[in-house]
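Protein sequence lines, in the order shown, are assigned to chains Y and Z.
Numbering of the first sequence is given in the working numbering, commencing with residue 2 and proceeding in unit increments.
Numbering of the second sequence is given in the working numbering, commencing with residue 56 and proceeding in unit increments.
Just so it is clear, CB atoms sit at the ideal spot from N, CA and C, and this is done for glycine as well.
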Amino acid sequence: MLKALSFGRVQWLLAIGLSGALLLSAAVGAFSFTPAAMVRHIAHALGWGALSTSDTLARNVFQQLRLPRVLLTALTGAVLGVSGTVMQGIFRNPIVEPGLVGTSAGAAFGASLVFVYGGALAAPTVIGSLVVPVMAFIGALAATALVYRLATRFEKVDVITLLLAGIAVNAVCAAGTGFLSFVARDPQARNITFWSLGTFTTATWRGVLLVGTVFIPCYALTLRDAKALNVLMLGEDEAAYLGVDPRRLVRRLLVLNTLMVAVATAMTGVIAFLGLVVPHMLRRMRSSDYRFLLPASALFGAALMSVIDVVARVIIRPAELPIGVITAIVGAPVFLAILLRQERDGVARHG
Amino acid sequence: MVELRSVSCIAGGVRILDDVSVRFQPGAFNVIVGPNGAGKSTLLRVATGLRAPDAGTVHYGDRLASELSMLELARARAVLSQQVLPAFPLPAEDVVLAGRSPHYGMLPTHRDLEIVSEVLDLVGMASRRRQSYATLSGGEQQKVQLARVLAQIWSDTANDDGDIAGKVLFLDEPTASLDVHYQLHVLGVAAMLRDRGYTVVAVLHDLNRAVQFADHLMVLSNGRLAYETARPEDVPVEVLERVFDVRARRLRDAGGDGAYWSFALHDASDRGVSRRTDSQSGGAPATPRD
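Structure (structure tokens):
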């Protein structure tokens, strides 16, 4: 079983799985590509070989639509997987994920503001293309920080307070986004609605570049705190006794996390539950050790998101299901299972 | 050596510690006792550097605690709390390894892993090291936590990073929810550390345990130091009666293990409450089992 394998071995297995998922994701869709065709198109894009003109349509679909979509999907999966893992460590609770603590909803609200009122700001320039992610970040940080404040008011994170704070903040953000889609004219309104369930259909190379440039440094900085996150599992006081300043750690990680989730959300919309399922499955598969979880959650998140996207593309072909519908169907039962187990353990502990 | 000079702490307008000066004897078993609300926990939080005092200073050797980084403090002292529940399932050995985290960078060294084995052996949990911490009993969990704090300040000749007496083990009511076996075990291991030269500072509730283990006893009352002695068995009955608001009786002279005192509530106003004595505990030798 996986339990017996070293962290490195499990990570290799996950990397192999991710490669398979990426190949599948690149091959399947309205246009199907054979491995040989994919190699030809990629070689052409790199300037290594000429294609016959009859291939032009397929080539354009692959280079301009399929490839950015595959990469954006994988990157978003990695962002959400890592984010769920880190946020659970910060809140010291396995039911936490960006969708629960307001990060995604806050980002969606911030981005919707720009969609509806900031048309002039979000001009198709380099600066203009940053307005949406920046506003998404501000909204996400405000919402997440508020939930964290409310949930940790009494030293320990209490599940009920956490859930209620998350519900309240999410409701406010959703109301704001709903109001915006109400006052917005078509086609903005339809965009907001579709986008609130998450989609990769609008993937562009620019989006890939943006999410990639934000994710890589944020992730690298997060990796350095693997040991500190392990220590924080014991509690804030114990972490402080062991030389880790819990407040600074939480503040630092909260900003890094919110930043990458906000940018990914600005590009793809709200995708719930992936950040919950990824760390949960990895903990059960192998270990709660953050030196394992942080690398593994990026690989596993990317692979899982790619597979889910393939399902979304294929299941009602030629139409497409919003990604958030599938993640919710898979994720909600997992969420309930964790919640029920926590409740039972809590009772056993006190009784 | 750890010393508090004229320390005061105020919280919510209440003076929790009022001009307290104490010097924890290096290489000794220092015990702090006092009734609920006397300020024992606050005293410990200040002494460990977790909370800055509102007035006064805390000294570690010739340096101020406020000058030391959290990491420097983590290498000089460790704190055993009443109960620690990790947020996620962890094997016992990973909990102990967390104690070494102030000493290594990204990855533990071979020596760190050796120390984990040594301290697990010392507390008698070596055979349970791979078991999930959450499935251990309360007493076993506390043994694992004890191993963790030992690992944190473990000194050895192979890699000696400072004098042993400068390393302080704080115990914050470590036996509050433990049965008599685990109580004696935890305090016995602490006493063994004292014998090796470490400084031990413990907040205890049980006065008989305090007399049994203390080299140096401090009685805290209403945020002030009410009594301090290097001969804990000689604490006057009147001091205990006044501070704890009970009737106290000395059972026998020092020298044996276990009970020195029996306690009862005062008078007619307490008649509804059944008489409770504290004299039946103890009797076993204070050496660690396993």
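Any chain Y beta carbon closer than 8 Å to residue i
{"i": "MET180 (chain Z)", "result": "no"}
{"i": "ILE71 (chain Z)", "result": "no"}
{"i": "SER96 (chain Z)", "result": "no"}
{"i": "PHE143 (chain Z)", "result": "yes"}
{"i": "VAL134 (chain Z)", "result": "yes"}
{"i": "ALA129 (chain Z)", "result": "yes"}
{"i": "GLN197 (chain Z)", "result": "no"}
{"i": "ASP234 (chain Z)", "result": "no"}
{"i": "PRO157 (chain Z)", "result": "yes"}
{"i": "ALA153 (chain Z)", "result": "yes"}
{"i": "THR103 (chain Z)", "result": "yes"}
{"i": "ASP149 (chain Z)", "result": "yes"}
{"i": "GLN186 (chain Z)", "result": "no"}
{"i": "ASN214 (chain Z)", "result": "Note that ASN214 (chain Z) has pLDDT 49, beneath the 50 cutoff, so the model's placement of it is unreliable and the number below is only indicative. False, the Cβ-Cβ gap to chain Y never drops below 8 Å."}
{"i": "GLN207 (chain Z)", "result": "yes"}
{"i": "LEU201 (chain Z)", "result": "no"}
{"i": "LEU295 (chain Z)", "result": "no"}
Top-ranked residue by Cα proximity to residue i, from the options
{"i": "ALA110 (chain Z)", "options": "Z:GLN80, Z:ARG78, Z:ALA66", "result": "Z:ALA66"}
{"i": "PRO95 (chain Y)", "options": "Y:PRO280, Y:SER20, Y:GLY177", "result": "Y:PRO280"}
{"i": "ARG353 (chain Y)", "options": "Y:GLY270, Y:TRP206, Y:THR266, Y:ASP226", "result": "Because chain Y spans 2 through 352 in this model, residue 353 (chain Y) falls outside it and cannot be assessed."}
{"i": "LEU105 (chain Z)", "options": "Y:PRO323, Y:ILE327, Y:ASP246", "result": "Y:ASP246"}
{"i": "LEU47 (chain Z)", "options": "Z:LEU168, Z:GLN200, Z:PRO144, Z:GLN267", "result": "Residue coverage of chain Z in this structure runs from 56 to 345, which leaves residue 47 (chain Z) outside it and unanswerable."}
{"i": "LEU73 (chain Y)", "options": "Y:THR259, Y:THR35, Y:GLY276, Y:ALA304", "result": "Y:ALA304"}
{"i": "SER182 (chain Y)", "options": "Y:GLU237, Y:LEU222, Y:LEU114", "result": "Y:LEU114"}
{"i": "SER63 (chain Z)", "options": "Z:THR97, Z:GLN137, Z:SER232, Z:VAL290", "result": "Z:THR97"}
{"i": "VAL215 (chain Y)", "options": "Y:THR259, Y:VAL173, Y:GLY48, Y:ASN231", "result": "Y:THR259"}
{"i": "ARG252 (chain Y)", "options": "Y:PHE8, Y:ARG10, Y:THR145, Y:SER20", "result": "Y:THR145"}
{"i": "GLN80 (chain Z)", "options": "Z:PRO141, Z:ARG251, Z:ASP270, Z:LEU275", "result": "Z:ASP270"}
{"i": "GLY172 (chain Z)", "options": "Z:TYR253, Z:ALA147, Z:VAL294, Z:GLU228", "result": "It should be noted that the sequence gives Ser, not Gly, for residue 172 (chain Z). Nearest option by C-alpha distance: Z:ALA147."}
{"i": "ARG186 (chain Y)", "options": "Y:PHE116, Y:ASP238, Y:GLY85", "result": "Y:PHE116"}
{"i": "TYR149 (chain Y)", "options": "Y:VAL331, Y:GLY167, Y:ALA137, Y:ALA75", "result": "Y:GLY167"}
{"i": "LEU354 (chain Z)", "options": "Z:MET56, Z:SER192, Z:VAL86", "result": "Look at the range of chain Z in this structure, 56 to 345, and you will see that residue 354 (chain Z) is not part of it."}
{"i": "ALA175 (chain Y)", "options": "Y:GLY111, Y:LEU147, Y:PHE138", "result": "Y:GLY111"}
{"i": "LEU6 (chain Y)", "options": "Y:LEU300, Y:SER288, Y:VAL308, Y:PHE336", "result": "Y:SER288"}
{"i": "ARG297 (chain Z)", "options": "Z:VAL274, Z:VAL151, Z:ASP117", "result": "Z:VAL274"}
Residue i - containing beta strand (DSSP E), residue span
{"i": "ASP73 (chain Z)", "result": "69 to 79"}
{"i": "ARG252 (chain Y)", "result": "No beta strand (DSSP E) holds ARG252 (chain Y); the alpha helix (DSSP H) holding it covers 247 to 269."}
{"i": "HIS114 (chain Z)", "result": "110 to 115"}
{"i": "THR230 (chain Z)", "result": "Run containing THR230 (chain Z): none; DSSP gives neither H nor E here."}
{"i": "THR35 (chain Y)", "result": "Here THR35 (chain Y) belongs to no beta strand (DSSP E), and DSSP marks it neither H nor E."}
{"i": "TYR282 (chain Z)", "result": "279 to 284"}
{"i": "LEU275 (chain Z)", "result": "271 to 276"}
{"i": "ALA257 (chain Z)", "result": "254 to 258"}
{"i": "ARG297 (chain Z)", "result": "Where ARG297 (chain Z) is concerned, there is no enclosing beta strand (DSSP E), although the alpha helix (DSSP H) it sits in stretches over 292 to 299."}
{"i": "THR13 (chain Y)", "result": "According to the sequence displayed, residue 13 (chain Y) carries Trp and not Thr. It is not in any beta strand (DSSP E) - TRP13 (chain Y) instead sits in the alpha helix (DSSP H) that spans 8 to 28."}
{"i": "SER317 (chain Z)", "result": "316 to 319"}
{"i": "ARG305 (chain Z)", "result": "302 to 305"}
{"i": "VAL134 (chain Z)", "result": "132 to 135"}
Segment limits, alpha helix (DSSP H) that includes residue i
{"i": "ILE65 (chain Z)", "result": "Per DSSP, ILE65 (chain Z) belongs to no alpha helix (DSSP H); it is in the beta strand (DSSP E), 57 to 66."}
{"i": "ASN85 (chain Z)", "result": "It is not in any alpha helix (DSSP H) - ASN85 (chain Z) instead sits in the beta strand (DSSP E) that spans 84 to 88."}
{"i": "PHE268 (chain Z)", "result": "262 to 268"}
{"i": "VAL117 (chain Y)", "result": "104 to 118"}
{"i": "ALA172 (chain Y)", "result": "160 to 184"}
{"i": "ALA320 (chain Y)", "result": "Neither: ALA320 (chain Y) is in no alpha helix (DSSP H) and is coded neither H nor E."}
{"i": "ARG106 (chain Z)", "result": "Careful: ARG106 (chain Z) lies outside any alpha helix (DSSP H) and carries neither H nor E."}
Proximity test, Cβ basis, 8 Å: residue i and chain Z
{"i": "GLU1 (chain Y)", "result": "Because chain Y is modelled from 2 through 352, residue 1 (chain Y) falls outside the range shown and cannot be assessed."}
{"i": "MET234 (chain Y)", "result": "yes"}
{"i": "ALA297 (chain Y)", "result": "no"}
{"i": "GLY244 (chain Y)", "result": "yes"}
{"i": "ASP290 (chain Y)", "result": "yes"}
{"i": "ALA241 (chain Y)", "result": "yes"}
{"i": "LYS4 (chain Y)", "result": "no"}
Cβ-heavy atom distance, residue i to the ligand ZN, below 7 Å
{"i": "ALA329 (chain Y)", "result": "Among the components of this structure there are no ligands whatsoever, and the ligand ZN is therefore not found."}
Any chain A beta carbon closer than 8 Å to residue i
{"i": "LEU119 (chain Z)", "result": "The question asks about chain A, but that chain is absent: this structure's protein chains are Y and Z."}
Exercise. Enumerated in chain order, which unbroken segments of the alpha helix (DSSP H) with a length of 4 residues or greater are wholly contained in the stretch 153 to 209 of chain Z?
Worked result: 165 to 177, 193 to 208
Exercise. Looking at chain Z, which residues of the stretch 92 to 104 of chain Y have a Cβ within less than 9 Å of any of its Cβ atoms?
Worked result: PHE92, ARG93, ASN94, PRO95
Exercise. What residues in the stretch 307 to 325 of chain Y have a beta carbon less than 7 Å from any beta carbon of chain Z?
Worked result: Answer in chain order: no residues at all.
Exercise. At a Cβ cut of 7 Å, what residues of the stretch 206 to 233 of chain Y count as close to chain Z, listed as they run along the chain?
Worked result: LYS228, ASN231, VAL232
Exercise. What alpha helix (DSSP H) runs, 4 residues minimum, are completely inside the stretch 191 to 225 of chain Y?
Worked result: Within the stretch 191 to 225 of chain Y, the complete alpha helix (DSSP H) runs of at least 4 residues are 206 to 224.
Exercise. Quick one: complete beta strand (DSSP E) runs, 3+ long, within the stretch 269 to 315 of chain Y?
Worked result: Secondary structure remark: continuous beta strand (DSSP E) runs of at least 3 residues inside the stretch 269 to 315 of chain Y: none found.
Problem set entry | Proximal residues, the stretch 275 to 289 of chain Y versus chain Z, C-beta separation under 7 Å | Going along the stretch 275 to 289 of chain Y in chain order, one finds ARG284, SER289 with a Cβ nearer than 7 Å to chain Z.
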